[in-house]
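Input: a single structure, listed below in structure tokens.
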Amino acid sequence: MAKKKKTTKKAKTTEVKPRTKTQILGDISADTGLTRKEVASVFECMSKMIKKDLGNRGPGVFTVPGLMKVKKKVIPRRPARKNVFLPLLGETRDIPAKPARKAVKVTPLKALKDMV
Numbered sequence: 310m311a312k313k314k315k316t317t318k319k320a321k322t323t324e325v326k327p328r329t330k331t332q333i334l335g336d337i338s339a340d341t342g343l344t345r346k347e348v349a350s351v352f353e354c355m356s357k358m359i360k361k362d363l364g365n366r367g368p369g370v371f372t373v374p375g376l377m378k379v380k381k382k383v384i385p386r387r388p389a390r391k392n393v394f395l396p397l398l399g400e401t402r403d404i405p406a407k408p409a410r411k412a413v414k415v416t417p418l419k420a421l422k423d424m425v
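In case it helps, the numbering used here puts the sequence shown at residues 310 to 425.
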């Protein structure tokens, strides 16, 4: 008599794709009753406000109420270093200087943390 083979059922993993811009605009317009053009203009206005606040003359901080805080962070320059030993390669090299630059930091607020 032949032995029965054990069949193990694999759990179905449905990969969820992120929403597209049109899906986001469509869902918001359906929930709020605004047209898609009005929703798009709200996002456009918000991006202009973020650009203005994070610009050179702005305060450097923009808060999306209840979701996140966007900050401009100035990263200072790094001086050049000579004869730095790299243990992985077993040799010494010169590391060039890096100029100062601006970066964007996004901090989630409590309401966004609680959603996850």
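Don't be surprised by glycine CBs; every beta carbon is placed ideally from N, CA and C.
Give every residue of the same chain whose Cβ lies closer than 7 Å to the Cβ of Lys391, excluding the five residues on either side of it in the sequence, and list them in chain order.
The answer, listed in chain order, is Asp403.
I'd like to know whether the C-beta of Asp423 is nearer than 8 Å to at least one C-beta of chain D.
This model lacks chain D altogether; it includes just one protein chain.
Would you mind working out which of Arg386, Lys381 and Lys407 sits nearest Thr416, comparing C-alpha positions?
Nearest of Arg386, Lys381 and Lys407 to Thr416, Cα basis: Lys381.
Taking 8 Å as the threshold (C-beta atoms), are Leu363 and Leu421 in contact?
Not a contact, by the Cβ cut-off of 8 Å.
Rounded to whole angstroms, what's the CA-CA distance from Val373 to Lys407? Just pull it up for me.
Using only the alpha carbons, I get a separation of about 32 Å.
Thinking just about the alpha-carbon of each residue, which of Leu343, Arg328, Val383 and Val425 is nearest to the one in Lys414?
Closest option to Lys414, Cα to Cα, is Val383.
Mapping the DSSP letters down to three states, classify Thr372 as helix, strand or coil.
Strand.
Over what stretch of residues does the alpha helix (DSSP H) that includes Val413 continue unbroken?
From DSSP, Val413 is part of no alpha helix (DSSP H) but of the beta strand (DSSP E) over Arg410 to Pro417.
Using a threshold of 8 Å, state whether the C-beta atoms of Ile337 and Val348 are closer than that.
It is a contact, given that the beta carbons lie within the stated cut-off.
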